[in-house]
Ligand code: C2E
Ligand code: MG
Ligand code: MG
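Residue numbers (my numbering): 1 to 634.
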């Protein structure tokens, strides 16, 4: 009875096979191909299992070679099935055999098991059929071993790479593998119950429900594939390196959704889907989401013909139930050439281009290898920024400020640094704008401020002749109403005198001076001072500066450099004006002796630049100024 318990599920597998085989469109990706091989193999196993069982029972009335052949067919397909279940897990996790993404991975155990089984013809290793009928051989256990080996490999991959798949996929793979483990154990403990088929059928049904339902990869009624299918196919193709993509975005898609009903918008996207189906060859068509479509050509393909056809088609109207509508589209061409670009990198490039279209209405964007590299770098910087801010890893470098009259170091500017995954420094020009964009600037600025306070607490800076340290404040930080409270809190926590810190603000900070006024007054009351940074890069209004309690103006290095290359009367006059307004003046970007002399001559009070020192990590700064003695316990 047990032996035939799989007859009903086997009908189900047959139905799955037919449904799957005739469903359209079907995506030609590895997991689909392996699945098809798996159900065909399963049907073969079932055939041999039933026929070999019958032949074993009635061996007296059948020729020996036939009984042998049917049993051999069973064992060979049984082992193939074990291997294919493993291949399915491997394909889902993108495990391939080297760079050419061969389907065949982890092959030797399977090959050896099959060879041993085939050798039974001569050796009787796995089984024999004699006049007394079918009998197991000494290596019969190889069946269990092979299955167990591939199950263990699947579970190993599953646990090691779980972050690569969605929770749903993880559960699907986990469940079918556990079912197979249970089946294998029962079969080993009770070899007379041939239950393995039933468990394998259950596993196939789970795979079908979790991964192979044709709807899984289809965009609802657009008649083409969806975003998941696009990502999966791309992952496989990028292994092989050659492909090109023509994507387009309906620019007025959001408007469309506001004006027309859901069903009308669906009808339009379905019509576009049908149209793409008619021109997609030799590629595949996808509906990505939100009015974006893509044609993916798994070859190096000139995109011009498809591009022209689409442009022409979109010059005409699209039908609605009672009327018609014109759509504007923007194209994205992705031509990574033969460079090895990961799918993630390409998807990143595409989504960046599509969002640029939605934001700014560009009509044509080319995403080439260079764009992808730039975006990848940006992603890396974003990741490093998040990590450094989150883990308190923002580093502070110090660059000396030199007093013109004595030539001594009288202060330093604190400059933020973060590191990428390999430990290389990322300059602030790359991460400060990102931090300002994603709101991390406040936390970052606070970290720098705090680390400077800790430095001042730990080192008696006055012993080395340093009177203060400058800390940069971003315009976006200035918008925070509680900025002064934060700074004051930190100063108190470290017991550091506010006089030892100067805050560098740029002109942008002063745009909303009303907002800033109260905070500035609070900060000023407890002794913080202010310097105007990067003078000469914005639209300076001297009258406005007069109302702000700056003590120092820092000339931007571009201004210094211009004067150095082409001296005139403007800068000297300006320096004198600042001084008459009561500000001291610092010149930034001093790279050589002549620059230093020129700036000194026109009346600058302080100098900063590579000529004196590059910004240094705090430890190096301490080594450079040995008089920075450590002050124990504050
Ligand atoms: P900045 O405040 O104007 O800082 C001076 C910049 O000029 C520094 O660049 C410094 O390394 C560079 N520099 C100094 N001397 C020379 C020189 O002789 N030649 C050349 N070519 N460059 C010189 P860095 O460290 O890359 O910082 C760039 C900008 O990033 C800073 O300009 C500042 O606006 C911003 N920044 C740095 N740290 C922070 C921070 O903690 N918070 C905020 N909000 N901004 C920061
Ligand atoms: Mg600065
Ligand atoms: Mg500056």
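Virtual Cβ for every residue (Gly too), placed ideally from N, Cα, C.
Taking the CA atoms as reference points, residue 482 sits about 14 Å from residue 473. At least 8 Å separates the beta-carbon of residue 290 from that of residue 326.
In chain order, 48, 49 and 52 place their CB closer than 6 Å to the CB of residue 74, counting only its own chain and leaving out the 5 sequence neighbours on each side. For the options 137, 463 and 494, the alpha carbon positioned closest to that of residue 68 is the one of 137. The residue from 55, 79 and 82 with its alpha-carbon nearest to that of residue 70 is 55.
Beyond the five residues adjoining it in sequence on each side, residue 35 comes within less than 6 Å, by CB distance, of 212 in the same chain, given in chain order. Relative to the non-hydrogen atoms of ligand 1, the Cβ of residue 617 never comes closer than 7 Å to any of them. In this structure, residue 223 lies near residue 277, with their beta-carbon atoms less than 8 Å apart.
Around the C-beta of residue 581, fewer than 16 other C-beta atoms lie within 10 Å, and the residue is accordingly described as exposed.
Going by C-alpha positions, residue 145 is about 23 Å away from residue 207. Distances taken from the Cβ of residue 588 to the heavy atoms of ligand 3 include one shorter than 7 Å. Between residue 396 and residue 606 a beta carbon distance of about 20 Å is seen, past the 8 Å cut, so the two are scored as non-contacting. Fewer than three beta-carbon pairs drawn from the region 479–497 and the region 557–566 are found closer than 8 Å, and the two stretches are therefore not classed as touching. For residue 142, the closest of 76, 429 and 347 by C-alpha to C-alpha distance is 76. The set of residues whose C-beta lies within less than 6 Å of a heavy atom of ligand 2 reads, in chain order, 413, 472, 504 and 533. Sixteen is the threshold: since fewer than 16 other Cβ atoms of the shown chains lie within 10 Å of the Cβ of residue 167, the residue is exposed. Note that the region 266–282 touches the region 291–299; at least 3 beta-carbon pairs, one per stretch, sit closer than 8 Å.
Buried is the label assigned to residue 89, since at least 16 other Cβ atoms lie within 10 Å of its Cβ.
A straight line joining the alpha-carbon of residue 542 with that of residue 495 spans about 36 Å. Every unbroken stretch of the alpha helix (DSSP H) spanning 4 or more residues and falling wholly within the region 460–489 is given here in chain order: 475–478. Residue pairing by DSSP puts residue 319 in a beta bridge opposite 324. Listed in chain order, the non-local C-beta contacts of residue 230 below 8 Å within the same chain comprise 286, 288, 294 and 296, local neighbours out to five positions each way being set aside.
Judged by the Cβ position, residue 400 fails to qualify as a neighbour of ligand 1 at the 7 Å threshold, every heavy atom of the ligand being at least this far. In the three-state reduction of the DSSP assignment, residue 133 falls in the strand class. The Cβ-Cβ distance between residue 627 and residue 457 does not fall below 8 Å. In the DSSP assignment, residue 364 forms a beta bridge with 331. Within the same chain, Cβ atoms closer than 7 Å to the Cβ of residue 125 are found at 116, 119, 137, 138 and 139, the five residues on either side in sequence being excluded.
Rounded to the nearest whole angstrom, the CA to CA distance from residue 266 to residue 248 is 17 Å. The closest heavy atom of ligand 1 lies 7 Å or more from the beta carbon of residue 207. Placement of the Cβ of residue 614 at a distance of 7 Å or more from every heavy atom of ligand 3 is found. Sequence-distant partners of residue 602 (beyond 5 residues in either direction) whose C-beta falls short of 7 Å from its own C-beta, in its chain, are 571, 572 and 575.
Annotated as proximal: residue 367 and residue 332, with beta-carbon spacing under 8 Å. Here the region 370–378 makes no contact with the region 435–454; the two share fewer than three CB pairs at distances below 8 Å. Only buried fits residue 400, as 16 or more other CB atoms lie within 10 angstroms of its CB. Between residue 193 and residue 82, the gap from beta carbon to beta carbon reaches 8 Å or more. The residue from 599, 181 and 21 with its alpha-carbon nearest to that of residue 402 is 599.
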